[in-house]
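**Student:** These protein sequence lines map, in sequence, to chains A and B.
Residue numbers for the first sequence follow UniProt numbering, beginning at 1 and rising by one.
Residue numbers for the second sequence follow UniProt numbering, beginning at 1 and rising by one.
Virtual Cβ for every residue (Gly too), placed ideally from N, Cα, C.
Structure below; questions to follow.
Protein chains: 2
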Amino acid sequence: MKKPSDRTASDTVRRATLEDVARLAGVSKMTASRALRGAADVSKTSIEKVQVAAAHVGYVGNNLALSLSAQQTNLIGVVIPSLTNIVFAEVLSGVADAVEGTGRQSVFGVTDYDPDKEYQAIRNMLSWRPAGLIVTGLDQPDKTRRLLEAADIPIVQIMDLDGDPIDAVVGLSQTRAGADMALALITAGRRKIGYVGCSLNRDTRAYKRRAGFVEALDQNGLTLVGERCSDAPSTAQEGRALTADLLGQFPDLDCIYFSNDDMAMGGVFHCMSAGIQVPDSIMIAGFNGLDFVDSLPVKIATSRTQRREIGRRAVQIINDGVADGVQRSFDFPPMIDLG
Amino acid sequence: MKKPSDRTASDTVRRATLEDVARLAGVSKMTASRALRGAADVSKTSIEKVQVAAAHVGYVGNNLALSLSAQQTNLIGVVIPSLTNIVFAEVLSGVADAVEGTGRQSVFGVTDYDPDKEYQAIRNMLSWRPAGLIVTGLDQPDKTRRLLEAADIPIVQIMDLDGDPIDAVVGLSQTRAGADMALALITAGRRKIGYVGCSLNRDTRAYKRRAGFVEALDQNGLTLVGERCSDAPSTAQEGRALTADLLGQFPDLDCIYFSNDDMAMGGVFHCMSAGIQVPDSIMIAGFNGLDFVDSLPVKIATSRTQRREIGRRAVQIINDGVADGVQRSFDFPPMIDLG
DNA sequence: CTGAAAGCGCTAACAG
DNA sequence: CTGTTAGCGCTTTCAG
């Protein structure tokens with residue numbers, strides 16, 4: 001174990017501070033600080049000396065001290081329910097895009113669709129004093145909502161539009177998305193329609209899509225012939241199993257609406273294995289418009305959502321600040337593609 | 001604009017500090033601090049008063065001040081090349097698992113397989129003084145490597161084992177994984193083997209798998225009959241297109257090794273559309289063992305990697321600290337499944 | 001059981 | 001152009 005007195009310039013026991021750099025360069029902390037930040041009014045010689053010194057000790061600034069001093073951080077917090085759902089990964093990707101080059105940095109928290117974890121995640125984020133927060137959905141419990149309202153930073157709720165926003169919103173009406181798909185399928189001549197979904201009790205957006213879908217059916221004198229739901233995370237596996245089960249009971253369905261594309265993929269695989277023609281004997285409809293949809297050997301319907309764009313716009317809103325009169329609500333309606 | 005003097009307890013112009021809470025509770029900052037942290041030796045009355053005050057103003061501690069003061073953070077940095085590749089999302093998922101309940105928090109950075117962005121991401125992370133860093137791969141450029149070596153915190157390199165580690169490593173030999181798959185396919189009787197991959201110039205792990213694969217073929221007197229590679233990100237779409245192209249030139253291939261399962265999925269879809277029997281006339285082999293592989297209507301080969309487990313173990317290593325003599329290298333070899 | 005003082009590393013504001 | 005002072009919000013001493 002090295003003692004402090006053993007330290008040398010290239011030592012790594014303790015990260016070099018600005019003071020170390022300054023001393024080595026033979027200037028004051030302030031001059032070093034200014035030189036490193038490229039401020040005007042610093043002599044060429046000082047800049048040079050400081051840069052050499054900084055490089056020599058491998059100086060990396062301390063953002064904790066910087067942010068504490070500046071009373072603000074460059075952090076943008078993003079709270080999403082899941083990472084294994086590629087949709088949210090793509091939202092993050094859009095966030096990363098938009099953040100690039102702005103000097104801001106994004107920080108993520110995952111909730112697993114658990115309101116308690118969501119509360120904790122948001123609290124954690126807030127304790128780092130981010131410049132803004134992006135959270136998924138509009139249905140936070142009161143406790144969480146109060147926390148967000150008291151935060152005094154821009155809050156952007158994404159992926160949903162049905163509800164009462166805290167501050168800004170970027171997303172789509174999930175209810176309408178479900179309804180629109182129902183209408184499209186009815187228009188395409190389908191009448192014996194089933195539903196397959198996962199974790200509707202936790203995923204309020206999937207729940208809203210189903211609700212919108214069912215209501216639109218109702219308005220057209222139809223009802224769901226049958227449905228299968230489970231609490232498992234949505235995967236192709238689960239979609240396949242539930243589809244097999246549903247079709248076992250209702251073999252004459254001519255259409256199934258799935259809670260998303262992953263589930264729908266499983267449905268497609270079941271049909272292919274069982275020799276059921278898609279879409280001739282049965283139409284498969286998913287949600288999101290994920291990449292693989294276009295390369296499937298059969299055509300399925302889907303609602304193409306603008307996930308990256310939503311992430312990008314959310315960041316923009318935060319970067320633009322809270323100027324009055326600026327639009328705080330953005331609709332990115334999905335485009336329906338029947339395949 | 002409110003002036004400071006307008007502030008009330010429930011005001012949100014400026015987040016409440018410990019001092020605000022203390023004043024409201026009629027105790028000193030220290031007593032408030034101790035009460036909030038559940039320290040021993042605080043009177044019941046004080047605890048109560050402080051908690052009420054904290055709740056009243058919606059107090060959220062300031063982690064910047066806390067960490068600066070404590071000279072350490074609860075942060076674990078994770079630097080990955082991509083989020084839209086579900087594999088890394090699953091690694092993060094494992095990280096999140098392992099972090100849960102430890103009081104630590106994970107922070108992610110994404111590099112897009114770009115060494116410059118990787119350097120920046122790591123520097124950014126380091127400026128927050130994390131307790132440890134998890135980075136992907138063993139092939140960082142010298143500059144980045146020096147940065148990591150000087151950081152004086154546990155560094156865990158994940159997903160690869162072929163190379164010279166900086167500190168700790170958790171992963172698998174990509175070269176060996178490729179070789180093992182080659183041997184398995186040869187053993188299964190395949191001889192006319194092709195390859196389809198994406199972004200091998202950036203994804204060094206995919207590159208290593210291909211290299212190991214080719215070398216194993218060579219040792220068995222075989223060579224790749226043909227291959228198709230592109231610089232695009234790996235998707236089912238891309239896999240499908242490249243497969244179509246490759247089979248156009250070499251229709252008599254009896255096997256294709258893909259850079260990963262996503263690409264392989266595209267290959268499967270092409271074969272199904274083109275009426276090519278899988279695996280009878282052609283075997284399809286991917287990598288990772290993603291969920292959907294098991295629900296595909298045809299059987300494909302894959303190497304099942306232990307992604308979550310790798311993420312978990314990486315966190316463990318950091319949490320366990322740098323005790324001497326502790327194992328710093330962990331092999332999680334994938335299991336080959338021929339379908 | 002409680003409080004006052006000092007300091008974490010940095011920068012804004014003010015002097016030279 | 002350069003340096004000094006003060007302070008960001010918290011905790012760790014050290015005294016009561």
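Is the beta carbon of V225 of chain A less than 8 angstroms from the beta carbon of G194 of chain A?
**Tutor:** Cβ distance < 8 angstroms, so V225 of chain A and G194 of chain A count as in contact.
**Student:** If we define contact as Cβ-Cβ less than 8 angstroms, is A115 of chain A a contact residue for chain B?
**Tutor:** Going by the sequence as given, residue 115 of chain A is Pro instead of Ala. It does not: the Cβ of P115 of chain A has no partner Cβ on chain B nearer than 8 angstroms.
**Student:** Counting only C-beta atoms, is residue 349 of chain B closer than 8 angstroms to chain A at any point?
**Tutor:** Past the edges of chain B, shown from 1 to 339, lies residue 349 of chain B, and the structure says nothing about it.
**Student:** Which residue marks the beginning of the alpha helix (DSSP H) containing Q72 of chain B, and which one marks its end?
**Tutor:** Taken as a continuous stretch (DSSP letters only), Q72 of chain B belongs to no alpha helix (DSSP H), as it is neither H nor E.
**Student:** In whole angstroms, give me the CA-to-CA distance for L133 of chain A and Q71 of chain B.
**Tutor:** 26 angstroms
**Student:** Cutting at 7 angstroms between CB atoms, please list the residues of its own chain near Q237 of chain A, excluding the five before and the five after it.
**Tutor:** G266
**Student:** Would you call the stretch 100 to 107 of chain B in contact with the stretch 70 to 87 of chain B, where contact means no fewer than 3 C-beta pairs closer than 8 angstroms?
**Tutor:** yes
**Student:** Quick check for students: name the residue ranges of the alpha helix (DSSP H) that lie wholly in the stretch 170 to 206 of chain A, counting only runs of 4 or more.
**Tutor:** The stretch 170 to 206 of chain A contains these whole alpha helix (DSSP H) runs: 174 to 187.
**Student:** Check each residue of the stretch 280 to 311 of chain B: if its Cβ is closer than 7 angstroms to any Cβ of chain A, include it; give the result in chain order.
**Tutor:** D291, F292, D294, S295, L296 and P297
**Student:** Assuming V50 of chain A and A32 of chain A make a contact with CB atoms under 8 angstroms, what is their CB distance in whole Å?
**Tutor:** A Cβ-Cβ separation of about 5 angstroms places V50 of chain A in contact with A32 of chain A under the 8 angstroms criterion.
**Student:** Starting from S295 of chain B, trace the alpha helix (DSSP H) in both directions and tell me its first and last residue.
**Tutor:** First-last for S295 of chain B: undefined, no H or E at that position.
**Student:** For L222 of chain A, list the residues DSSP reports as bridge partners.
**Tutor:** DSSP lists no partner for L222 of chain A.
**Student:** Whole angstroms are fine: how far does the CA of T187 of chain B sit from the CA of M263 of chain A?
**Tutor:** 35 angstroms
**Student:** For Y257 of chain A, which beta-bridge partners are listed by DSSP?
**Tutor:** A:Y195 and A:A285
**Student:** Under the assumption that R312 of chain B contacts G289 of chain B (Cβ atoms under 8 angstroms), give the Cβ distance between them as a whole number of angstroms.
**Tutor:** Going by Cβ atoms, the distance from R312 of chain B to G289 of chain B rounds to 17 angstroms, so no, they are not a contact pair.
**Student:** Check each residue of the stretch 75 to 97 of chain A: if its Cβ is closer than 8 angstroms to any Cβ of chain B, include it; give the result in chain order.
**Tutor:** L83, T84, I86, A89, E90, L92, S93 and A96
**Student:** Expressed to the nearest angstrom, what Euclidean distance is found between the alpha-carbon atoms of R146 of chain A and Q140 of chain A?
**Tutor:** Looking at the backbone, the Cα of R146 of chain A and that of Q140 of chain A are separated by about 9 angstroms.
**Student:** Distance, Cα to Cα, V99 of chain B vs F269 of chain A?
**Tutor:** Roughly 36 angstroms separates the two Cα atoms.
**Student:** Let's see if you can read the secondary structure: which residues bound the alpha helix (DSSP H) around Q337 of chain B?
**Tutor:** The amino acid occupying residue 337 of chain B in the given sequence is Asp; Gln does not appear at that position. First-last for D337 of chain B: M335 to D337, but that is the beta strand (DSSP E), not the alpha helix (DSSP H).
**Student:** Let me confirm a value: V95 of chain B is counted as buried when at least 16 other C-beta atoms fall within 10 Å, else exposed. Which label applies?
**Tutor:** buried
**Student:** Between the Cα of A151 of chain B and those of A:I318, A:G58, A:L161 and A:L83, spot the shortest distance and give me the residue it belongs to.
**Tutor:** A:G58
**Student:** Strictly below 7 angstroms CB to CB, what residues from chain B border T235 of chain A?
**Tutor:** D291
**Student:** Any residues in the stretch 213 to 246 of chain A with a beta carbon nearer than 7 angstroms to a beta carbon of chain B? Which ones, in chain order?
**Tutor:** T235, A236, Q237 and R240
**Student:** Going along the stretch 111 to 138 of chain A in order, which residues come within less than 7 angstroms of chain B, judged by CB to CB distance?
**Tutor:** R123, N124, L126, S127, W128 and R129
**Student:** From the DSSP output, in three-state form, read off residue 350 of chain B for me.
**Tutor:** Lying outside 1 to 339, the shown extent of chain B, residue 350 of chain B is not represented and no answer is given.
**Student:** Mind checking K208 of chain A: buried by the 16 CB within 10 Å criterion, or exposed?
**Tutor:** buried
**Student:** Does chain B have any CB closer than 8 angstroms to the CB of M159 of chain A?
**Tutor:** no
**Student:** Helix, strand or coil for A168 of chain B, going by three-state DSSP, please let me know.
**Tutor:** strand
**Student:** Leaving aside the five residues before and after A168 of chain A along the sequence, list all residues of the same chain whose C-beta is less than 6 angstroms from its C-beta, in chain order.
**Tutor:** V156, I317 and R328
**Student:** Between the alpha carbons of P4 of chain A and R14 of chain A, how many angstroms are there, rounded?
**Tutor:** Annotation note: pLDDT 34 at P4 of chain A (below 50); position unreliable, coordinate value reported separately. Whole-angstrom Cα-Cα distance: 9 angstroms.
**Student:** For G266 of chain B, return the contacting residues in chain A, with the cut-off set at a CB-CB distance below 9 angstroms.
**Tutor:** F292 and S295
**Student:** I want to see whether chain B comes within less than 8 angstroms of V60 of chain A, judged by CB atoms only; does it?
**Tutor:** yes
**Student:** By the DSSP assignment, the alpha helix (DSSP H) with V50 of chain A in it spans what residues?
**Tutor:** K44 to V57
**Student:** In terms of alpha-carbon separation, which member of A:T235, A:D20 and A:L183 lies closest to A55 of chain A?
**Tutor:** A:D20
**Student:** DSSP three-state label for R7 of chain A, please.
**Tutor:** In this predicted model, R7 of chain A has a pLDDT of only 36, less than 50, meaning its place in the structure is not dependable enough to derive any value.
**Student:** Per DSSP, what kind of secondary structure is F250 of chain B in: helix, strand or coil?
**Tutor:** coil
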